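The listed protein sequences correspond, in order, to chains Z and E. According to the numbering used here, the stretch in the first sequence is residues 45 to 711, in order. According to the numbering used here, the stretch in the second sequence is residues 45 to 711, in order. Beta carbons are placed, not taken as given, at the ideal position from N, Cα and C, and that holds for glycine. In this text the structure is predicted, and so the values were computed from the model without any measurement.
Number of protein chains: 2
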Amino acid sequence: MARKCSAAWRKTKTLLLLLLVSLSVSICVCKTSEEQMENMENTIVTEKKAEESHRQDSADLLIFILLLTLTILTIWLFKHRRFRFLHETGLAMIYGLIVGVILRYGIHVPRDVSNVTLSCQVNVSPATLLVNFSGKFYEYTLKGEISASEAKDVADNEMLRKVTFDPEVFFNILLPPIIFHAGYSLKRRHFFRNMGSILAYAFLGTVISCFVIGMLMYGCVVLMKQVSQLDGDFFFTDCLFFGAIVSATDPVTVLAIFNELQVDVDLYALLFGESVLNDAVAVVLSSSIVAYQPAGDNSHTFEVMALLKSFGMFLGVFSGSFALGVATGIVTALISFTFIHLLETALFFLMSWSTFLLAEACGFTGVVAVLFCGITQAHYTYNNLSPESQDRTKQLFELLDFLAENFIFSYMGLTLFTFQNHVFNPMFIVGAFVAVFLGRAANIYPLSFLLNLGRRNKIRSNFQHMMMFAGLRGAMTFALSIRDTATYARQMMFSTTLLIVFFTVWICGGGTTQMLSCQHIRFSEGSERRSTKQESVWLFRIWYNFDHNYLKPILTHSGPPLTATLPPCCGPLAHFLTSPQAFEVRGELKDDDSDLILSDRDLSLTYGDVTISTDALGGHTTAGAPGSTSEDLDRELTYGDHELVMRGTRLVLPMDDSEPTFSRPSP
Amino acid sequence: MARKCSAAWRKTKTLLLLLLVSLSVSICVCKTSEEQMENMENTIVTEKKAEESHRQDSADLLIFILLLTLTILTIWLFKHRRFRFLHETGLAMIYGLIVGVILRYGIHVPRDVSNVTLSCQVNVSPATLLVNFSGKFYEYTLKGEISASEAKDVADNEMLRKVTFDPEVFFNILLPPIIFHAGYSLKRRHFFRNMGSILAYAFLGTVISCFVIGMLMYGCVVLMKQVSQLDGDFFFTDCLFFGAIVSATDPVTVLAIFNELQVDVDLYALLFGESVLNDAVAVVLSSSIVAYQPAGDNSHTFEVMALLKSFGMFLGVFSGSFALGVATGIVTALISFTFIHLLETALFFLMSWSTFLLAEACGFTGVVAVLFCGITQAHYTYNNLSPESQDRTKQLFELLDFLAENFIFSYMGLTLFTFQNHVFNPMFIVGAFVAVFLGRAANIYPLSFLLNLGRRNKIRSNFQHMMMFAGLRGAMTFALSIRDTATYARQMMFSTTLLIVFFTVWICGGGTTQMLSCQHIRFSEGSERRSTKQESVWLFRIWYNFDHNYLKPILTHSGPPLTATLPPCCGPLAHFLTSPQAFEVRGELKDDDSDLILSDRDLSLTYGDVTISTDALGGHTTAGAPGSTSEDLDRELTYGDHELVMRGTRLVLPMDDSEPTFSRPSP
């Protein structure tokens, strides 16, 4: 009775608030237009105008904040009622759409007469412009080039332009926390177990998808030209660029449901790992495609040199960003010792942000650097933080990720109506949907077939269908497509991309539970049984041993002291590099990897076990011949401590040959 | 031995890092100039230029991030060695100064030739400008008006201008978290006990200080005119404006030391409360002074109507912002029930931010609204949050406050050298220092004398000297002075303000411990003895009872259910308004006020006690005659439960008459 009353009470309050908030939104929107009117009257007094402009900016931002608030309240209601068809991001889009419609059609804004077009004889566009209006100097800053056709539109609707953010905001403010958070939460056992497959899907798969979509779209564009459906230029590089931006998947909706329903952990790891890494690949790929510029007159012919240059740029930028992110992560790991909590968190935050800025300042891709910085910090720095700071940083980045993600999705909804230069071309849109579908298929099915040749734990066909289905497009695709909407081709891409995102988030995201039950995908009780049958792979073992014996002791407090793992001749060096804490905790060595494990159920299968067993082995064997740890381990595997070690160190890296060394223990 | 080794190890690592970071700073600075050079070469290709500009922006921001990182590392070193002479903010300023010197003198930047001055026949300055450079359209946005003399400087040093932020950033991004955090942490018993004195110092005191400084500065300016030391206009309103901006105190350094040394809690409360509230007063006061515009031709004559209008504006804006802040706080209290933690924190953050935006959009002062929103939320909303969210929000705002504060102070150091239009006038500077000193004295000593007439627990003379000494100027003064530096008078004010901030932070902040021991100020063991001798005041008691019996039950889960406090005729309404949780927790009623108390030592004196005892009383007495709670309480005071109730509800509000009603229990 008390509980019922409580629920009713809560609902009443929530509804009351929903009304209140919507009211504020509308008031605010009206206010915006009112201010606009006011704005017209006193165009002469600059100070007043600046104040008005500031008030309008506040009102605009307020609309977004209220949209987010509304989204949060509705999500909470949904979670309360276990309603799974609509995810918070889908919801944010819907609210954005509604406000966009109101802004576009609900408010009549008088023509802004105060825009002036000046003609100038200089053939330079300076960054700062001083304009002398009847004796007074005003300073103007360059916002960007606009096409002549657009020049008319600029004057048209000032208010809609006002709620349109600078696209770079997405790249420099909203995307970094999302990507960093993805990297920071990637430290899961199942990710490493499926690392080979994930890398294959993310790298090979994205490139395949990009080229398949690019090729198909080029065919579509050629067809459109013949039936004269095309009003502007659309080159092959544009098609490839489109392929690159729509190849970044973002199955945030699907993953949320997976997490809730405890769907198979391997499938989760495959999808999550792929989506995190293919964002990075897509960013670098698209910038390399933009950089493709043949030397000749016609800038859109095929040229080997330019192609190689683009390819080199891809490799250079990617590896540069990777190195930079990892380096900053390692620096943070080195300095983050026993600080005061507040300072620790602040330092962590600042170092992560500086990774982004440093990468951007060096001409690399900040988003990619931040991703690998996040992965490195989760792997090393996290272990050095005090428990309170571990919580703080996790919560902080979780919050930032949540806010940024929902902001982007509600902005997406809004922009469908408020963006001024949409080009909706039915033929292009249909072609794009088909191409995106086929591109995803060309990524998943052939690669899965190849990977299954090497994997003992096959990726079954229902998993493949699920991965195919879960190819949602999200924040990264949107941010890439809105970044440049100057040309006709880019505008058409942007409009089409928006529709693709809407469709995949609503249809694919909403149908996840149906798809799961339709494909008969079991929830993850089977993982324990299967994991004892996993194969080990030499490549991963080498990395693991190196990481555990050398990197972890240097960078964190965990792992065995270096004095035990390095050869005796390096004694003094080892002593210098090992942190004193590592000696102190020697008795109770434990690896903190275990606390980011997917579900509590398979806690017995964590790295924790591995560490203990390899430590024990390491203590015995590496003292004499430290270079041959993995061989020692092999010998050890044939007798004693068998089951435990097998469970832990035997990790799947499927791209490998059939692995004769490790078939020994199996029979 | 192990500990020694550990410390040495840590120091080595820290020093290593300090070097590394400084290196990055210098590299980054060099990079900036390099890019600047590059920037010059290809002024024609817009896209490339935008990219270069973005890279430079990243590098500039990186400088600040690295400055903050350096500050954090050094603070940690200081805290480790218990070094109290230099606070983190002072340190941030020093590092800022150093980088400013490097940027100013260390790097030779060639003249930027790409600035163009256009002349235009229109007598309007549009917000958006389309410029037609040889057939291509470029969009420019209005940055502001600049004086003709400045117009030359603009072209002069592009790079220094680049590291200069838009002053509105301080007001709209950096100040709100600082002020909100101050409000959110104001919920302390000693603040309420000294509320009357605090309000007197903050309101009356700031106005007195503003006018005293304004008057003195006007005298100084008149004198300067006569010895022809003045190169531009300087009106009386300018002097008053200067008085308003330097009247905002910010003793963050002193308070940090007080907190660490456990200095007398009443003194702490007086200083902290005053500094929080006088920021709000100074903001509104300065904007009212700017709004003073007589109707006649000469805009600087005295006119009663204009004065009244300004005064009305002060009251209107202040009370409007106050009401808005409190209203949003209450709305948050109403909706923040049993959410998922992440959603709860996100909602809390968004609602607080929307208070700021809403106030700005309505033409009120966002900073003031945010302050009172923080106070309200600490008082009501905080009690409704889950314990985890309480921690999360506290930590989040603590982090934001820390980052914003240190950023502002390091920017202050930087701007002393990079700001282009400094006007250092020795006579004005000396006059300002004297005026600031006398203004503070005219605030503290007379008001303390008057307040002591009403207080039984006198503000002793050593406390008064300490308050005088602790009148540091900080973030708010800086933000107000940098907001508008267009005229000669404002530039002179800005330069002088910078010097005042530097002086007070370094000298007064650094000398706090010396001053404390010199004034023989005891640390807070005496507070417990004294608190039993406090007077109660009817005004505060009425408020407390109203808050406890009606507001808290409606807005939070704590306090007695409304059904017990409202008259029986309001039964259904009371039932509707009371949250079900309030019924459930009826047995173990407790007020969460206790967890923001200054020191653990006097936990026995917290509101917690009060609540329990008044609850018990309320349960007994208010059922029959709910309107007369305070009278009932009085009767109750004379017999039974005496000591406990006296301790809690007897709070000092000194501006009152000698209080005959409550002298009864004392003898």
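Boundaries of the alpha helix (DSSP H) in which residue i is found, first to last residue
i, result
"Z:Cys-552", "Careful: Z:Cys-552 lies outside any alpha helix (DSSP H) and carries neither H nor E."
"E:Ser-241", "239 to 243"
"E:Gln-558", "556 to 562"
"Z:Leu-543", "532 to 547"
"Z:Tyr-489", "470 to 498"
"E:Gln-464", "Neither: E:Gln-464 is in no alpha helix (DSSP H) and is coded neither H nor E."
"Z:His-509", "505 to 513"
"E:His-592", "Run containing E:His-592: none; DSSP gives neither H nor E here."
"E:Cys-283", "280 to 289"
"E:Gly-369", "348 to 379"
"E:Ile-333", "309 to 335"
Distance between residue j and residue i (C-alpha atoms, nearest Å)
i, j, result
"Z:Thr-600", "Z:Ser-291", "37 Å"
"E:Val-412", "Z:Leu-394", "28 Å"
"Z:His-98", "E:Phe-408", "12 Å"
"Z:Leu-260", "Z:Gly-287", "9 Å"
"Z:Arg-237", "Z:Leu-311", "12 Å"
"Z:Gln-434", "Z:Tyr-426", "6 Å"
"E:Ile-223", "E:Leu-415", "6 Å"
"Z:Ala-390", "E:Ser-396", "21 Å"
"E:Ile-374", "Z:Ile-142", "28 Å"
"E:Ser-702", "E:Ser-363", "Any reading at E:Ser-702 is ruled out, since the residue's pLDDT is 32, under 50, leaving its predicted position unreliable."
"E:Gly-553", "E:Lys-123", "16 Å"
"E:Gln-306", "E:Ile-116", "24 Å"
"E:Ser-365", "E:Phe-493", "31 Å"
"E:Gln-535", "Z:Arg-534", "46 Å"
"Z:Asp-294", "Z:Phe-215", "16 Å"
"E:Phe-547", "E:Phe-285", "21 Å"
"Z:Pro-154", "E:Ala-377", "Caution is warranted here: a pLDDT of 48 is assigned to Z:Pro-154, below 50, making its placement in the model unreliable, and no coordinate value can be reported."
"Z:Phe-513", "Z:Lys-438", "30 Å"
"Z:Val-474", "Z:Asn-487", "20 Å"
"Z:Tyr-683", "Z:Asn-593", "Unreliable positioning characterises Z:Tyr-683 in this predicted model, as indicated by a pLDDT of 33, which lies under 50. The coordinate reading is nonetheless provided below. So the alpha carbons of these two residues sit roughly 23 Å apart."
"Z:Ser-525", "Z:Thr-541", "7 Å"
"Z:Leu-315", "Z:Asp-308", "11 Å"
"Z:Phe-481", "Z:Ala-367", "34 Å"
"E:Val-348", "E:Ala-246", "26 Å"
CB-CB length for residue i against residue j, believed under 8 Å
i, j, result
"E:Phe-441", "E:Pro-221", "7 Å"
"E:Leu-106", "Z:Leu-495", "Actually they are not in contact, since the Cβ atoms of E:Leu-106 and Z:Leu-495 sit about 41 Å apart, beyond 8 Å."
"Z:Ala-134", "Z:Val-549", "The sequence given here has Gly at residue 134 of chain Z, not Ala. That pair is a contact at about 5 Å."
"Z:Leu-112", "Z:Ile-452", "Their Cβ separation, rounded to whole angstroms, is 11 Å, which puts Z:Leu-112 and Z:Ile-452 out of contact at 8 Å."
"Z:Thr-462", "Z:Val-213", "No, Z:Thr-462 and Z:Val-213 are not in contact; Cβ-Cβ is about 15 Å, not under 8 Å."
Any chain Z beta carbon closer than 9 Å to residue i
i, result
"E:Gln-464", "no"
"E:Lys-123", "yes"
"E:Gly-276", "no"
"E:Phe-446", "yes"
"E:Glu-442", "yes"
"E:Arg-527", "no"
"E:Phe-590", "no"
"E:Thr-540", "no"
Minimum Cβ-Cβ distance from residue i to chain E less than 9 Å
i, result
"Z:Trp-120", "yes"
"Z:Gln-100", "yes"
> the stretch 393 to 423 of chain Z: which residues have C-beta closer than 9 Å to a C-beta of chain E, in chain order?
Replying inline: Phe-393, Leu-394, Met-395, Trp-397, Ser-398, Phe-400, Leu-401, Leu-402, Ala-403, Glu-404, Ala-405, Cys-406, Gly-407, Gly-410
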